[in-house]
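For reference, each letter of the sequence shown is one residue, going 258 to 581 in our numbering. C-beta atoms are modelled at their ideal positions from N, C-alpha and C, and glycine is treated no differently. Everything on this sheet refers to the single structure shown next.
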Amino acid sequence: MSVKSETVTKRTFSFSRRKMEHAFNQVVLDVESIKTLIRKKGIPEDVLQITIFRSKIWKVFFGFLPENTALWIDKERMYTLQYSQFLNDFYYNINFPKTETLIVLQKDISRIFPDSTFFKDEENLESVQRILFVNCIFNKSIKYVQGMHEMCGLIFYVFSQSGQSREVVEAEAYFGFTTLVVRFRDWFDKACDNKPTGLKECFKNIDSVLKMYDFELWKYLNKLNVDVTCYSFRWVSMLFIDDFSIKDVIKIWDVLLSGFDSQQIFIDIICITISIIELHREFLLKSDSNTCLHHLMNIKNTADSVLERACKVRKFVESKHVFH
């Protein structure tokens with residue numbers, strides 16, 4: 258990057274930061290402005306007290322904290338009391354059956370973000386375990402699906418950066434996680450795979466958008482029988498958690514959650530998936546079937562490069578009115 262373009266980028270980033278801080282420092286948040294600013298590249302790194310900002314705005318995006326910040330303290334108190342009651346009724350109740358569920362959870366929980374020192378702390382792992390257990394009680398049709406432990410862990414990690422007590426953090430992470438599970442209910446339930454809201458439909462959309470966006474690459478991958486589901490299943494079903502560092506996946510989730518309450522989150526998942534493929538376009542076009550598949554299933558990218566390319570894909574999708 259040239260000195261001139263780097264300077265322009267820094268100025269743009271700084272301008273976005275100031276606009277975002279202004280939108281956040283209101284009694285009633287300007288949420289739509291914040292969403293617009295975040296949707297391209299996530300929350301700017303130079304936002305003041307970024308970890309507190311992120312934990313709060315994610316809660317607003319999830320929909321369990323209102324735009325009116327004057328109501329936050331009462332809401333947080335209510336959620337904490339409610340979750341505490343759930344724990345007393347189910348988790349700490351010696352008469353409530355839980356051994357079978359806990360055995361399943363404990364196998365996965367020990368593997369949450371293995372490179373993170375945060376998750377080497379047993380207390381943090383126990384918090385995630387409690388959240389997942391209570392979720393199993395209230396989401397009986399789905400209960401626990403492998404991979405939920407990392408999604409729950411990510412939410413708990415982000416909320417833990419707020420400076421609040423563990424009691425409050427765990428309670429709000431529970432409500433954030435259950436909101437996520439409800440939003441993606443049909444993705445977690447294999448019986449819903451063939452529904453318009455199921456995972457298979459998402460892969461069909463990825464294939465269709467890739468065909469429109471880059472016909473040459475789409476045609477080549479199809480010729481090699483490199484199926485979109487094979488290489489992108491983990492990216493999509495795990496919301497990209499397994500393929501990025503914790504720092505980068507948080508930035509990607511900034512973007513995803515900015516569209517959480519609308520169809521936009523599903524469009525962004527498609528655009529990010531296409532962008533990952535496109536970043537490796539030249540290599541793929543020179544490779545055979547096995548090499549393509551192996552490469553796509555072991556890709557390493559940075560959030561910045563993926564989100565930058567995803568913006569281009571999103572503009573294309575919007576210009577073609579693909580999902581309207």
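Under 8 Å between C-beta atoms of residue i and residue j
{"i": "Thr486", "j": "Glu424", "result": "no"}
{"i": "Gly433", "j": "Lys316", "result": "yes"}
{"i": "Lys572", "j": "Gly299", "result": "no"}
{"i": "Leu382", "j": "Ile399", "result": "no"}
{"i": "Ile291", "j": "Ala280", "result": "yes"}
{"i": "Ser515", "j": "Phe318", "result": "yes"}
{"i": "Ser419", "j": "Ile309", "result": "yes"}
{"i": "His551", "j": "Phe540", "result": "no"}
{"i": "Phe497", "j": "Val506", "result": "yes"}
{"i": "Ile524", "j": "Phe580", "result": "yes"}
{"i": "Leu564", "j": "Lys297", "result": "yes"}
Option in the options with minimal Cα separation from residue i
{"i": "Glu427", "options": "Lys447, Glu458, Asn392 and Lys452", "result": "Asn392"}
{"i": "Phe395", "options": "Phe376, Gln421, Arg442 and Leu322", "result": "Arg442"}
{"i": "Asp446", "options": "Gln283, Leu481 and Lys397", "result": "Lys397"}
{"i": "Lys577", "options": "Tyr470, Arg275 and Ile412", "result": "Tyr470"}
{"i": "Val284", "options": "Gln306, Asp303 and Pro323", "result": "Pro323"}
{"i": "Phe472", "options": "Phe490, Arg368, Pro453 and Glu535", "result": "Glu535"}
{"i": "Gln421", "options": "His406, Leu564, Trp329 and Thr435", "result": "Trp329"}
{"i": "Cys568", "options": "Gln521, Cys549 and Thr548", "result": "Gln521"}
{"i": "Leu362", "options": "Arg387, Asn462, Glu380 and Asn352", "result": "Arg387"}
{"i": "Arg491", "options": "Gly404, Glu429 and Ile307", "result": "Gly404"}
{"i": "Ser373", "options": "Leu411, Glu565, Lys364 and Glu289", "result": "Leu411"}
{"i": "Lys313", "options": "Glu278, Ser544 and Asn352", "result": "Glu278"}
{"i": "Lys332", "options": "Glu429, Leu542, Thr435 and Glu379", "result": "Glu429"}
{"i": "Leu305", "options": "Asn352, Val288, Glu289 and Asn282", "result": "Asn282"}
{"i": "Thr435", "options": "Phe376, Thr559, Asn462 and Phe413", "result": "Phe413"}
{"i": "Asp303", "options": "Lys276, Cys549 and Glu289", "result": "Lys276"}
{"i": "Cys549", "options": "Thr559, Arg538 and Asn558", "result": "Arg538"}
Contact belief for residue i with residue j at Cβ below 8 Å, rounded distance in angstroms
{"i": "Cys409", "j": "Val385", "result": "5 Å"}
{"i": "Val466", "j": "Arg311", "result": "Contact flag wrong, Cβ pair sits at about 29 Å."}
{"i": "Tyr340", "j": "Tyr431", "result": "5 Å"}
{"i": "Asp500", "j": "Ile556", "result": "7 Å"}
{"i": "Pro301", "j": "Arg274", "result": "5 Å"}
{"i": "Ser326", "j": "Leu286", "result": "Correcting the residue identity first, residue 326 is Thr in this sequence and not Ser. Confirmed, Cβ separation roughly 7 Å."}
{"i": "Gly584", "j": "Asp518", "result": "With the chain running from 258 to 581 in the structure shown, residue 584 is simply not present."}
{"i": "Ser546", "j": "Leu481", "result": "4 Å"}
{"i": "Phe460", "j": "Ser489", "result": "7 Å"}
{"i": "Ile369", "j": "Glu407", "result": "6 Å"}
Residues bridged to residue i (per DSSP)
{"i": "Val285", "result": "Asn325"}
inquiry  = Check whether the segment 336-350 and the segment 463-479 touch, using three or more Cβ-Cβ pairs below 8 Å as the test.
reply    = By the criterion of at least three beta-carbon pairs nearer than 8 Å, the segment 336-350 is not in contact with the segment 463-479.
ask   = Do the segment 457-471 and the segment 529-543 touch if we need at least three Cβ pairs shorter than 8 Å?
value = Put simply, the segment 457-471 touches the segment 529-543. At least three CB pairs are less than 8 Å apart.
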